[in-house]
Amino acid sequence: MSDSDRVGPLRGRRNECAPLDKLLADVRSGSSRVLVLRGEAGIGKTALIEYLVGNAADCQITRAAGVESQMELAFAGLHQLCAPFMDHLDRLPPPQREALSVAFGLSSGGVPDRFLVGLAVLSLLAEAAETQPLLCVVDDTQWLDRVSAQTLAFVARRVLAERVAFVFAERTPVADPERDPLTGLPELQLRGLPDKDARALLVSAIPGRVDSDVIDRIVAEARGNPLALLELPQGLTSAQLAGGYARPDVRPVVTQIEHSFLQRIEALSTAARRVLLTAAAEPLGDMALLRRAVERLGLGADAMAAAEKTGLIEFEAQVRFRHPLVRSAAYRAADPGDRRAAHRALAEETDPALDPDRRAWHRASATVEPDEQVAAELERSAVRARARGGVAAAAAFLRRATGLTPDPGRRGARAVSAAQFAFEAGSPEAALELLAAAEMGPLDAFQRARLARLRAQIVFARRRGGDALPLLLDAAHRMRVPSPEQARETYLEAIGSAVFAGRLNGPDGVRPVAELARAALPGAGTRAVDVLLHGLAARFADGYVVGAEPMRRALRAFRGGTAAADDIMRWLWLTWPTAADLWDDETWHELTAQAVRTAREAGALNFLPLALTYQAAVHVHAGEFDLASTLVEEAEALTAATGNSPLGYTALLLDAWRGTDPRASVAIAAKLGQAADWGEGRTIGTGSYLLAVLHNGQGQYQAALDSAGKACEHDDLAAVGHALAELVEAGVRVDDRVQARVALRRLERRAHASGTDWALGMLARSRALLSEGEDAERSYREALERLSRTRIAVYRARTHLVYGEWLRRENRRSDAREQLRTAYDMLHRFGSDGFAERARRELLAAGESVRRRGAEASEVLSAQEVQIARLAGAGLTNSEIGAELFISPRTVEWHLRKVFAKLNLTSRKELRQALNK
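According to our numbering, the sequence shown holds residues 1167 to 2083 in order.
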């Protein structure tokens, strides 16, 4: 682009134009960039966007803008942005192509995960940018439909090397910053113009001379808002200008601007005002549709010309308002009857075959009294929106349908359905309001049970403790007759709630809930979820020993591809800790691998971070800390991209096993405090277990004993059995053999009931710590033999360590060095530096020095580079890697170039060997 073609900086905005210039330079050079322009209405966001677009003649440009009246139409904003590139749709991988086609209503199919839609959008834009840099501009993002805003924010967080730039403009203040999808992206906060530039802009907008004192007063009151400086003086007399334009009770600038627009609208004829109103009610800016609606209202071309003459609106290929505040002023100030008439005309002129949802919305906006025909049309729109993945839109359609439903029973049922969709869309407050409305109607038994269950689920989602437990039990009781299957699911959710509440739910813990669930539904059921309910009920009602076999049957029901994909994802939060509780490392591994694979294939990014953290924990126990760290990093990135709450357990697990971060104990202790505040008693057990691991690695055995003892005070699922082994080791080291032997007896009962090599290996290791002579040696060897048949490398390495420590104390220094050398090599390779340091000290005491290790490939590369390199070394293409990690193929290529440079490699064939060194 030549200098003569450039648009010069805006008045008083040189500092704001500079980052936009850099953004364009970066995207031209091959990098992706994102910027959010934030500021109050009229502060100049749109002007800066026009400056940016004016200087991007050598780029492709695609634009979208939020419209307040369009906020409930799913994917409306996203479709605006992607429409120019739909001819690239056939080049996307089939799952992405199908997801985007369904989302945009181009084809039918299963409900697409909105993040798979996001990946499809990322691929579509990256494909378009291959030939020319792409600038994506989104104005008024505060009015985008929710799923479009979430999807675009996700895409913006995943671009890196695609030659794609995103610029968003968002009005402040934001109603709820925590729920704003754009929060955390790079931003530019716009302030008012400096006084000198504000004065010059004002003078240019006022004809004739104005006293300098009046200028100063207007500049001060406008606070540098460019739109205020340009628009507020319009139509004011010289006498009004002489006195300024603000009343003594100065209103916010945005209110003044809107009032100024309103005054200009009110000065129009009735017909011209109704033209503006009809245009404001039609969000697409469809000129042909507007003309038809205006004609149906009996308004002529003269009225349209009069409206356009004000400069408040332009009638060209598309209808464009001078500013969004003009649209809102024209709509809000109109007589309610005129508003309904405008929507009625728009509904009658909208093709029901091409755009049934917008027609339904206009019809609803034109209706005051209950009307079953309109309500049913809205309900059908909700079904279509849900099928496209627009859960928030489905909730909005059904909410409006609820208000227009004449029959009380049907109204209540629609309110419950609307609440379900609102909850799924992340709006629990709206869901609770709808449930309260539904309760007032004559619901049948099933609907009342469904309402009770949904309310309980909302409470559990907000606070994963015991608060939801009585609500879930009540809902399960209500469900028994109308839907035994849903009753079983609800009882399982109740058991899960009690598991999370742990010791904070009282000394009896989960047992009363398990007994109640079993007594209420004696029929076993045949689904995987039914078998899981039976297994956990037996575990907590009859005890671990009796419950072990039913738990094994439950895990088998979820293994080997027999369970439905939805069940695998939905119940992993219970099946995964159940496998850990049984010391079943093979199922543990298979469940997480299956869940991650299912989530990646389905694009289920709401669930994938949980599956990744669980898989990372499996890799920690396998001694694969680098891979675990990579998965944790990916989970954290996806959590940030999706706006979900962070999942911190596996990061803390890594810290505990690494053993060198001085902040680890503080972080774990902080987690324990949070758990108590949130009512999550089980976290107290798991956190105390982590502290025991950390302290045993650091040789702080009394602290380890105290932490392990706390973990063993309650029968927490997947925590107490593992804490018993830590307690035995710590107890032996501080010579508290009484407490250690009590723990060993508890461990014996559990390990024999489990029967896995992991469980029996840990039992043999613990028995060896409390034995002498040949009994000890025999037990150490049994422990090593059993653990060698498992994936649990960290405890195998620690068994070499404690065996070597025992041999050294037995003065068998040569044998001790062999075990300690193996322990040190394994622990160092894992990155378990705390336990490795224990092994190093013991080796020194046994008469052997320890050489320093060189840097490994995994220490040179970032976590994501390691992950990409492993996948490339395994033979995956860039497109396959991109689909696996939810990034574009171009970003994969960019990372691989860095990997090759860092490791001095020239081909993919060398990657696997380099990473395994």
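Quick reminder that beta carbons are idealized off the backbone N, C-alpha and C, glycines included.
Keep in mind it's a predicted model, so treat the numbers as computed, not measured.
Taking only the alpha-carbon atoms, compute the straight-line gap between residue i and residue j and give it to the nearest angstrom.
i: GLY1519; j: SER1583; result: Here residue 1519 turns out to be Ala, not Gly, going by the sequence shown. Answer to the nearest angstrom: the Cα atoms are 25 Å apart.
i: ARG1911; j: ALA1560; result: 56 Å
i: ARG1957; j: VAL1625; result: 38 Å
i: LEU2077; j: LEU2071; result: 8 Å
i: ALA1835; j: THR1852; result: 11 Å
i: VAL1904; j: ALA1919; result: 23 Å
i: ASP1882; j: ARG1552; result: 38 Å
i: HIS1425; j: TYR1497; result: 13 Å
i: LEU1512; j: SER1267; result: 27 Å
i: ASP1792; j: SER2073; result: 22 Å
i: ALA1615; j: ALA1653; result: 9 Å
i: THR1568; j: VAL2026; result: 59 Å
i: LEU1189; j: VAL1200; result: 8 Å
i: ALA1775; j: GLU1800; result: Checking the sequence, you will find Pro at residue 1775 rather than Ala. Answer to the nearest angstrom: the Cα atoms are 8 Å apart.
i: ALA1622; j: LEU1638; result: 5 Å
i: ARG1684; j: ALA1604; result: 31 Å
i: GLU1767; j: LEU1301; result: 29 Å
i: LEU1635; j: GLU1655; result: 14 Å
i: ARG1413; j: ALA1438; result: Interpretation of ARG1413 is limited by its pLDDT of 39, a score under 50 that renders its predicted location unreliable; no figure is taken from the coordinates.
i: ALA1558; j: GLN1262; result: 21 Å
i: PHE1587; j: GLU1535; result: 25 Å
i: ASP1415; j: ARG1280; result: Since pLDDT at ASP1415 reaches only 39, below the 50 mark, its modelled position is unreliable, and the value read off the structure follows with that caveat. For ASP1415 and ARG1280, the distance between alpha carbons rounds to 47 Å.
Going by DSSP, what residues sit across from residue i in a beta bridge?
i: VAL1277; result: Looking at the DSSP assignment, VAL1277 forms no beta bridge with any residue, so it has no partner.
i: GLY1205; result: ARG1337
i: GLN1226; result: LEU1300
i: ASP1107; result: Lying before the first or after the last residue shown, residue 1107 is absent from the chain, which here runs from 1167 to 2083.
i: ASP1305; result: ALA1231
i: ARG1199; result: ALA1331
i: ILE1384; result: Note: ILE1384 sits in no beta bridge, so no partner.
i: ILE1479; result: PHE1487
For the alpha helix (DSSP H) that contains residue i, what are its first and last residues?
i: GLN1262; result: 1260 to 1269
i: ILE1834; result: 1830 to 1844
i: ARG1955; result: Element bounds for ARG1955: n/a, residue is neither H nor E.
i: ASN1862; result: 1847 to 1863
i: ASP1187; result: 1180 to 1194
i: GLY1887; result: 1886 to 1899
i: PRO2055; result: 2055 to 2069
i: CYS1248; result: 1242 to 1248
i: ILE1661; result: 1650 to 1667
i: ASN2044; result: 2044 to 2051
Are the CB atoms of residue j and residue i within a distance shorter than 9 Å?
i: LEU1856; j: LEU1818; result: yes
i: ALA1446; j: SER1494; result: yes
i: GLY1390; j: GLY1350; result: no
i: ALA1982; j: ARG1974; result: yes
i: SER1873; j: ALA1884; result: no
i: ILE2034; j: LEU1326; result: no
i: GLY1451; j: VAL1485; result: yes
i: ASP1305; j: GLY1205; result: no
i: GLY1178; j: ALA1473; result: no
i: ASP1733; j: ARG1763; result: no
i: HIS1563; j: ALA1526; result: One point to set straight first is that residue 1563 is Phe, not His, in the sequence displayed. Yes, these two residues count as a Cβ contact at 9 Å.
i: ALA1949; j: ARG1931; result: yes
i: PRO1347; j: ALA1388; result: no
i: LEU1367; j: PRO1339; result: no
i: PRO1185; j: LEU1354; result: yes
i: GLU1951; j: LEU1986; result: no
i: ASP1521; j: LEU1570; result: no
i: ALA1723; j: LEU1698; result: yes
Looking at the unbroken beta strand (DSSP E) that takes in residue i, where does it start and where does it end?
i: GLU1353; result: 1353 to 1355
Q: Indicate whether the contact test is met: 3 or more Cβ pairs, each with one atom in the stretch 1270 to 1287 and one in the stretch 2038 to 2046, closer than 8 Å.
A: Inter-segment contact for the stretch 1270 to 1287 and the stretch 2038 to 2046 is absent: fewer than three beta-carbon pairs are separated by less than 8 Å.
Q. Is it true that the stretch 1501 to 1511 meets the stretch 1470 to 1487, where meeting means three or more beta-carbon pairs spaced less than 8 Å apart?
A. No: the two stretches stay apart, fewer than three of their Cβ pairs being nearer than 8 Å.
Q | At least 3 beta-carbon pairs within less than 8 Å: the stretch 1332 to 1340 vs the stretch 1246 to 1263 | A | Taking a contact to require three or more Cβ pairs closer than 8 Å, the stretch 1332 to 1340 and the stretch 1246 to 1263 do not qualify as touching.
Q.
Below 8 Å, how does it come out for the stretch 1993 to 2011 and the stretch 1750 to 1762: are there three or more Cβ pairs, yes or no?
A. They do not touch, by the three-pair rule.
Q) Given 8 Å as the limit, is there contact between the stretch 1659 to 1677 and the stretch 1832 to 1851, that is, 3 or more CB pairs closer than that? A) The answer is yes - the stretch 1832 to 1851 touches the stretch 1659 to 1677, with three or more Cβ pairs under 8 Å.
Q.
Three or more C-beta pairs under 8 Å: does that hold for the stretch 1921 to 1935 against the stretch 1737 to 1754?
A. Yes, the stretch 1921 to 1935 touches the stretch 1737 to 1754.
Q.
Does the stretch 1961 to 1977 come into contact with the stretch 1999 to 2006, if we say contact requires no fewer than three beta-carbon pairs (one atom in each stretch) closer than 8 Å?
A. Yes: the two stretches touch, three or more of their Cβ pairs being nearer than 8 Å.
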